[in-house]
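Number of protein chains: 2
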Amino acid sequence: MGITKTEIFTDQQNQVATFAKAFGHPARVAILQHLFKINACICGDLVEVIGLAQPTISQHLKELKNLGLIKGSIEGTSICYCIHPENWAAMKAVMNQFLNQDLENKTNCC
Amino acid sequence: MGITKTEIFTDQQNQVATFAKAFGHPARVAILQHLFKINACICGDLVEVIGLAQPTISQHLKELKNLGLIKGSIEGTSICYCIHPENWAAMKAVMNQFLNQDLENKTNCC
DNA sequence: TATATTAATCGTAATATTGCAATATATGCA
DNA sequence: TGCATATATTGCAATATTACGATTAATATA
């Protein structure tokens, strides 16, 4: 039904899914990479760099901001977006715990 | 429009997004964690463990299989699904390259 | 104040995802 | 063959996501 039954999963599983979903669109991946690269950015820049319309970029930025992965501060008439280092590190910890799982029983079945 | 403009992004960006999208649902996170834990599984098990209907689990398994993250082999009347170690490692390399980005300019702007 | 610039919000269309009932398929066994 | 078991597929309803034009809000500057 397009609705995810989050209540039947653990907090950790939902957290992984929430972060992963944010990275599940190449525009957001590209935005984050650009923010890492120049370590400061205004939305206008991104519209040119990414190649999507301004409202679309703004929407993607909002999602990343709501998740806490980026933060924005007003710089005159534009807004300076950048990576939120602490939250990025926290997200990495969650994701790495998931990605770095090891097979407990080394003899693979198939 | 619900359609992603993949053609304006790099292969790497699309790869990250594709893998991340797979992890963007807690059911698939839970499935993978369970496969890691017991290192062998049949779909029926998962239906009980996860708590979603059999067709829904089957659908999630199909997505993970199409991505190559898991593989399944026929075991009599059931199917043995398990992690695809090589492809999992390859996925991890792609994701880590993205997650482990560092701020080139250490003086954060905001 | 009027105008330009920049980003956010609104509204909407197109498409994707999630979930499941019903059904189909495939294998094992009596 | 006929039945039981296990998984896949189909079809559909509900919801979510993506994208963008139009508009709004907010600030800077003439």
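Heads up: the protein sequence lines correspond to chains Z and C, in order. According to the working numbering, the first sequence is numbered sequentially starting from 11. According to the working numbering, the second sequence is numbered sequentially starting from 11. The beta carbon of each residue, even a glycine, is placed where N, CA and C say it ideally should be. No experiment lies behind these values; they were computed from the predicted model shown.
Compare the beta carbon distance of residue i and residue j with 9 Å and say whether it is the shorter of the two.
i: phenylalanine 19 (chain Z); j: proline 36 (chain C); result: yes
i: asparagine 106 (chain C); j: leucine 79 (chain C); result: no
i: phenylalanine 108 (chain C); j: glutamine 43 (chain Z); result: yes
i: lysine 75 (chain C); j: glycine 86 (chain C); result: no
Among the options, which one has its Cα closest to the Cα of residue i?
i: arginine 38 (chain Z); options: Z:Ser68, Z:Thr87, Z:Ala27, Z:Asn49; result: Z:Ser68
i: alanine 100 (chain C); options: C:Glu17, C:Leu77, C:Gln111; result: C:Leu77
i: proline 95 (chain C); options: Z:Gln111, Z:Val57, Z:Leu74; result: Z:Gln111
i: cysteine 53 (chain Z); options: Z:Ile13, Z:Glu73, Z:Cys90, Z:Lys15; result: Z:Cys90
i: alanine 40 (chain C); options: Z:Asn49, Z:Gln25, Z:Ile48, Z:Val59; result: Z:Gln25
i: alanine 172 (chain C); options: Z:Phe33, Z:Gln22, Z:Gln23; result: Any question about residue 172 (chain C) goes unanswered here, given that chain C covers just 11 to 120.
i: serine 88 (chain C); options: C:Thr16, C:Ala50, C:Glu17; result: C:Ala50
i: leucine 113 (chain C); options: Z:Asp55, Z:Leu71, Z:Lys15, Z:Ile48; result: Z:Ile48
For residue i, count neighbouring C-beta atoms within 10 Å of its own C-beta (all shown protein chains included) and say buried if the count is 16 or more, exposed if not.
i: alanine 103 (chain Z); result: exposed
i: lysine 31 (chain Z); result: buried
i: isoleucine 93 (chain Z); result: buried
May I ask you to check if the CB of residue i is nearer than 8 Å to at least one heavy atom of the ligand NAD?
i: alanine 50 (chain C); result: In the structure on display, the ligand NAD does not appear, and there are no ligands present to speak of.
Check distances from the C-beta atoms of the segment 18-31 of chain C to those of chain Z and list, in chain order, the residues that come in under 7 Å.
-> Taken in chain order, the members of the segment 18-31 of chain C whose beta-carbon sits within less than 7 Å of a beta-carbon on chain Z are Ile18, Phe19, Gln23, Asn24, Val26, Ala27, Ala30, Lys31.
Would you say the segment 58-68 of chain C touches the segment 60-67 of chain Z, given that touching needs at least three Cβ pairs under 8 Å?
-> The answer is no - the segment 60-67 of chain Z does not touch the segment 58-68 of chain C, with fewer than three Cβ pairs under 8 Å.
Members of the segment 55-69 of chain Z near chain C, C-beta cut-off 8 Å = Against chain C - using a Cβ distance shorter than 8 Å - the residues of the segment 55-69 of chain Z are Ile60, Gly61, Leu62.
Would you list, in chain order, the members of the segment 83-96 of chain Z that have their beta-carbon closer than 7 Å to a beta-carbon of chain C?
-> So the list reads Ser83, Cys90, Cys92, Ile93, Pro95, given in the order they occur along the chain.
Using a Cβ cut-off of 9 Å, which residues of the segment 30-44 of chain Z contact any Cβ in chain C, in chain order?
-> Going along the segment 30-44 of chain Z in chain order, one finds Ala30, Lys31, Ala32, Phe33, Gly34, His35, Pro36, Ala37, Arg38, Val39, Ala40, Leu42, Gln43 with a Cβ nearer than 9 Å to chain C.
Taking a cut of 9 Å between CB atoms, which residues from the segment 98-116 of chain Z lie near chain C?
-> From the segment 98-116 of chain Z, only Trp98, Met101, Lys102, Met105, Asn106, Phe108, Leu109, Asn110, Gln111, Asp112, Leu113, Glu114, Asn115, Lys116 have a Cβ closer than 9 Å to chain C.
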